[in-house]
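Position one of the sequence shown corresponds to residue 247 (my numbering), numbered consecutively onward.
Worksheet: one structure, shown below.
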Amino acid sequence: MSLPGTSEQGQAGQPIRVVFACDEGYAMPLATMLRSLAESNQANWPLTVHVLSNDFSAASRERVEKSLPSGSAYIQWMQVDLMKFSHFPTLPHISAATYARFLIPELFPAEIRRVLYLDADMLALDDLRPVWETNLGGKPVGAARDVMDAILKSGEAGWDDVPRVPHYFNAGMLLMDLPTWRAERVSERAMDYLVAHPKTRMSDQDALNVACDGRWHELDQRWNFPCHRSGNLGELPAAKRPGIAHFITYRKPWLAQVRSQNASFYNQFRRRTLYARTMSERVRDAAVSSAAGVRNLLRRLRILAEEDRAATDTPVEQRSSNI
Ligand SMILES: [Mn+2]
Numbered sequence: 247m248s249l250p251g252t253s254e255q256g257q258a259g260q261p262i263r264v265v266f267a268c269d270e271g272y273a274m275p276l277a278t279m280l281r282s283l284a285e286s287n288q289a290n291w292p293l294t295v296h297v298l299s300n301d302f303s304a305a306s307r308e309r310v311e312k313s314l315p316s317g318s319a320y321i322q323w324m325q326v327d328l329m330k331f332s333h334f335p336t337l338p339h340i341s342a343a344t345y346a347r348f349l350i351p352e353l354f355p356a357e358i359r360r361v362l363y364l365d366a367d368m369l370a371l372d373d374l375r376p377v378w379e380t381n382l383g384g385k386p387v388g389a390a391r392d393v394m395d396a397i398l399k400s401g402e403a404g405w406d407d408v409p410r411v412p413h414y415f416n417a418g419m420l421l422m423d424l425p426t427w428r429a430e431r432v433s434e435r436a437m438d439y440l441v442a443h444p445k446t447r448m449s450d451q452d453a454l455n456v457a458c459d460g461r462w463h464e465l466d467q468r469w470n471f472p473c474h475r476s477g478n479l480g481e482l483p484a485a486k487r488p489g490i491a492h493f494i495t496y497r498k499p500w501l502a503q504v505r506s507q508n509a510s511f512y513n514q515f516r517r518r519t520l521y522a523r524t525m526s527e528r529v530r531d532a533a534v535s536s537a538a539g540v541r542n543l544l545r546r547l548r549i550l551a552e553e554d555r556a557a558t559d560t561p562v563e564q565r566s567s568n569i
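Structure (structure tokens):
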């Protein structure tokens, strides 16, 4: 039961407040995500957006702001010190900025009770009002299940360094109830986990899953839809499109070398920002993508040839060495 005046009831009609945490190196994906967010949330203009970063130049801030339709959002840039996370693990496609989400509860004043944290490697494709107004049932966070959840439950080998929780969520979209998060010391307990398990596979996401074990509200996966192997979003009928598409793993649709099926879908949004690719960048991307395609083809042909050889060769033990 939620009482009048609690954060649950207080969200109806309240402005949507979104938080991102990213470095300047992610300015283009941030601008593209914000563009998609603004375009799919006209009913919610002006959106309130906070960007937490260690380092984001004035020129890049301006370029991100000018990538949005005028009047669509108010952006507050918040400088955060990520030094205290410098000893925590990162991956090639995950920077220390990922830990900035642990700071969110201490950065906002008491009157702000709820924020929607989002990764910048996403596109918002629908009005966020329904997810924003979700009743969290007194839990500190709402999140959607991660693709890892099914892998862990299947008992597949090779994932021993991911914590075993009953259900495993993706930390790229977190609907945070700040008073409850603070009261349950979620950030502190997540950091304790990282100190005790510095080699945990999914770093901050593992830590948040442990800290929120049994204490997270499950949101529909359409609000954090994993897009690494799911085909071309542009080909989905409108009714099946996710509310928020999340380009998980290293397969980012803006990287020509990964040949993402969503590259052109992503570009529909990117090209309306000040980070639209120039003609020479498009030519370079086409060349990079083609070269990666040829390398893929060669690799597949090599595998086929090896399979063929294995099937027709005499057994290894009967072969004489020719070295
Ligand atoms: Mn992400």
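All C-beta atoms, glycine included, are put in the ideal place defined by N, C-alpha and C.
{"Check": "Would you check whether ligand 1 has a heavy atom nearer than 7 Å to the C-beta of residue 384?", "Outcome": "no"}
{"Check": "Per DSSP, residue 263 is paired with what?", "Outcome": "294"}
{"Check": "Is residue 492 near ligand 1, judged by its Cβ being under 7 Å from some heavy atom?", "Outcome": "yes"}
{"Check": "Taking its Cβ as the centre, do 16 or more other Cβ atoms sit within 10 Å of residue 330, making it buried, or is it exposed?", "Outcome": "exposed"}
{"Check": "Around ligand 1, which residues pass a check of Cβ closer than 5 Å to any of its heavy atoms?", "Outcome": "365, 367, 418"}
{"Check": "Would you mind working out which of 474, 465, 389, 462 sits nearest residue 367, comparing C-alpha positions?", "Outcome": "474"}
{"Check": "So, with DSSP's three-state summary, where would you put residue 535?", "Outcome": "helix"}
{"Check": "Please state whether DSSP places residue 430 in a helix, a strand or coil.", "Outcome": "coil"}
{"Check": "Please report the residue range of the beta strand (DSSP E) in which residue 321 lies.", "Outcome": "319-325"}
{"Check": "If you draw a straight line from the alpha carbon of residue 307 to that of residue 318, how long is it in whole angstroms?", "Outcome": "16 Å"}
{"Check": "Taking its Cβ as the centre, do 16 or more other Cβ atoms sit within 10 Å of residue 325, making it buried, or is it exposed?", "Outcome": "exposed"}
{"Check": "To the nearest angstrom, report how far apart residue 377 and residue 551 are at their CA atoms.", "Outcome": "51 Å"}
{"Check": "Assuming contact is defined by CB atoms lying nearer than 8 Å, are residue 360 and residue 257 in contact in what I supplied?", "Outcome": "yes"}
{"Check": "So, at 6 Å on beta carbons, what are the nonlocal neighbours of residue 251 in its own chain, with the 5 sequence-adjacent residues on each side left out?", "Outcome": "Residue placement at residue 251 is poorly supported in this model, since its pLDDT is 43, which falls under 50; the coordinates still yield a value, given next. Result list for residue 251: empty, nothing under 6 Å."}
{"Check": "May I ask you to verify whether the segment 348-359 touches the segment 430-445, counting CB pairs closer than 8 Å and requiring at least 3?", "Outcome": "yes"}
{"Check": "Please state whether DSSP places residue 512 in a helix, a strand or coil.", "Outcome": "helix"}
{"Check": "Is the number of C-beta pairs between the segment 378-398 and the segment 497-505 that are closer than 8 Å three or more?", "Outcome": "no"}
{"Check": "In the DSSP output, what is residue 360 paired with across the bridge?", "Outcome": "423"}
{"Check": "Can you check which of these residues, 262, 513, 422, is closest to residue 478 by C-alpha distance?", "Outcome": "513"}
{"Check": "Going straight from the alpha carbon of residue 480 to that of residue 287, what length do you get?", "Outcome": "19 Å"}
{"Check": "To the nearest angstrom, report how far apart residue 265 and residue 298 are at their CA atoms.", "Outcome": "7 Å"}
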